[in-house]
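Anchor point for the sequence shown: position 237 equals 472 in our numbering, and the numbering is continuous, going up by one each time.
Virtual Cβ for every residue (Gly too), placed ideally from N, Cα, C.
Data block below; observations after.
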Amino acid sequence: MRILVAGGAGYIGSVTVEHLIEDGHEIVVIDNLSRGHEKAVHPAAKLHKIDLADLPAIDSVFKQYEFDGVMHFCASSLVGESVVKPLEYYSNNICGGLNLVNAMVTNGVGNLVFSSTAAIFGEPESQPITEDAPHVPLNPYGRTKLCFEHLLRDVEAAHGLKSTCLRYFNAAGATTQRGEDHRPETHLIPLIMDAARGKRESISVFGDDYPTVDGTCVRDYIHVSDLAQAHILAITHLVNNPAAAGDAFNLGNGMGFSVRDVINSVQNVTGFTVTAMVAPRRAGDPAVLVASSDKIRNALGWNPNYANLDSIVESAWHWVQKNPDGYKNS
Ligand code: UFG
Numbered sequence: 236m237r238i239l240v241a242g243g244a245g246y247i248g249s250v251t252v253e254h255l256i257e258d259g260h261e262i263v264v265i266d267n268l269s270r271g272h273e274k275a276v277h278p279a280a281k282l283h284k285i286d287l288a289d290l291p292a293i294d295s296v297f298k299q300y301e302f303d304g305v306m307h308f309c310a311s312s313l314v315g316e317s318v319v320k321p322l323e324y325y326s327n328n329i330c331g332g333l334n335l336v337n338a339m340v341t342n343g344v345g346n347l348v349f350s351s352t353a354a355i356f357g358e359p360e361s362q363p364i365t366e367d368a369p370h371v372p373l374n375p376y377g378r379t380k381l382c383f384e385h386l387l388r389d390v391e392a393a394h395g396l397k398s399t400c401l402r403y404f405n406a407a408g409a410t411t412q413r414g415e416d417h418r419p420e421t422h423l424i425p426l427i428m429d430a431a432r433g434k435r436e437s438i439s440v441f442g443d444d445y446p447t448v449d450g451t452c453v454r455d456y457i458h459v460s461d462l463a464q465a466h467i468l469a470i471t472h473l474v475n476n477p478a479a480a481g482d483a484f485n486l487g488n489g490m491g492f493s494v495r496d497v498i499n500s501v502q503n504v505t506g507f508t509v510t511a512m513v514a515p516r517r518a519g520d521p522a523v524l525v526a527s528s529d530k531i532r533n534a535l536g537w538n539p540n541y542a543n544l545d546s547i548v549e550s551a552w553h554w555v556q557k558n559p560d561g562y563k564n565s
């Protein structure tokens with residue numbers, strides 16, 4: 236297949252491109268490189284430095300290639316940041332995505348896999364979370380993603396553009412070639428690893444008074460390669476089944492780990508002791524988010540390879556040791 240990957244220089248996008256190329260697909264990446272890294276883009280992919288705000292530039296890429304499908308990873312994706320910068324989030328996540336979808340419709344390209352999020356569920360009453368749990372996001376980030384899911388269903392009804400929404404829980408881990416390098420870094424596992432390797436003094440535990448076993452927030456960590464495999468299954472299903480209807484799937488391992496569990500895992504894997512300091516709660520954090528992924532397992536045969544937290548952390552630790560400065564200045 237020839238696939239356009241929007242956001243293929245970012246963490247999850249670049250790993251998905253790596254797996255797509257390993258599977259023999261032809262890949263074109265568009266990315267504005269605001270958060271992504273040029274060095275993260277697989278050398279066999281064609282990279283166009285384009286911002287999703289630039290509709291004519293997106294359109295010219297569609298005119299240049301005939302795509303079988305599109306994967307859309309571009310987004311501003313930090314919960315806390317979205318609370319203070321909602322205009323940026325609505326602009327990037329809604330207006331930018333709309334340009335991409337517009338170009339797909341104008342150029343007659345169907346089949347879109349969209350990066351959605353567990354944040355659309357807000358603070359669910361029961362766990363694990365199934366796809367039909369109430370959609371009540373707690374922050375602008377989650378609302379932009381939910382809004383775009385609705386937009387895609389409307390576009391499908393009117394224009395026949397099929398799309399699959401993949402709702403990620405907490406992406407983590409690395410391949411031997413690509414890993415997590417956010418600037419600034421706000422995610423738990425890379426920050427704990429930074430504390431383990433002496434790059435920071437300690438890790439702040441954002442709240443230890445949540446209604447969980449040890450009082451810290453519980454999340455469902457899923458390996459980035461397992462996310463990538465879900466994208467490949469989803470796009471293959473859409474392309475090979477023209478009658479397939481658009482759908483949405485939750486993606487997690489179905490197991491919850493507290494912040495303290497994750498600190499213990501990093502200590503086990505690295506052999507270093509990490510200093511943890513309890514800090515106030517972070518705005519917008521639900522206590523527990525654990526996925527039911529039964530639907531995608533049954534519908535698409537998705538089967539994650541990294542079922543335990545230590546194996547996910549181990550892959551991230553290997554990447555960090557090999558790339559202590561991430562992608563450096565790329
Ligand atoms: N945490 C700390 N200390 C830190 C960083 C994080 O205690 O220094 C805690 C957070 O409060 C949270 C947990 O660790 O309880 C995980 O935090 P992350 O920032 O790593 O991830 P989030 O759960 O906030 O968000 C991630 C993605 C979102 C996505 C969400 C879905 O960044 O885009 O998972 O579960 F929506």
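Burial state of V504 is buried, judged by a 10 Å Cβ sphere holding 16 or more other Cβ atoms. S546 and G481 have their C-alpha atoms roughly 33 Å apart. Closest by C-alpha distance to P278, out of Y324, E257 and P291, is E257.
When distances are taken from the beta-carbon of D529 to the heavy atoms of ligand 1, even the shortest one reaches 8 Å or more.
In the structure shown, R435 adopts coil according to DSSP, grouped into three states. Under the three-state reduction of DSSP output, E261 falls in the strand class. Under the three-state reduction of DSSP, V318 is assigned to helix. One Cα belongs to T447, the other to I285, and the distance between them is close to 43 Å. For I293, the Cβ stays outside the 8 Å cut-off from all heavy atoms of ligand 1. With respect to H254, A542 sits apart: the two C-beta atoms are not nearer than 9 Å. I457 carries a strand assignment under DSSP once its states are collapsed to helix, strand and coil. Looking at the DSSP output, A526 sits in a beta bridge with I364.
Within the segment 509 to 556, complete alpha helix (DSSP H) segments of at least 4 residues are found at 529 to 535, given in chain order. About 7 Å separates the beta carbons of V305 and I238, which is inside the 8 Å limit, making them a contact pair. Using a 10 angstroms sphere on the CB of A469, the tally of other CB atoms reaches 16 or more, which defines it as buried.
When the Cα atoms are used, V344 and A241 turn out to be separated by approximately 14 Å.
With a minimum length of 3 residues, the unbroken runs of beta strand (DSSP E) contained wholly in the segment 277 to 304 fall at 281 to 284.
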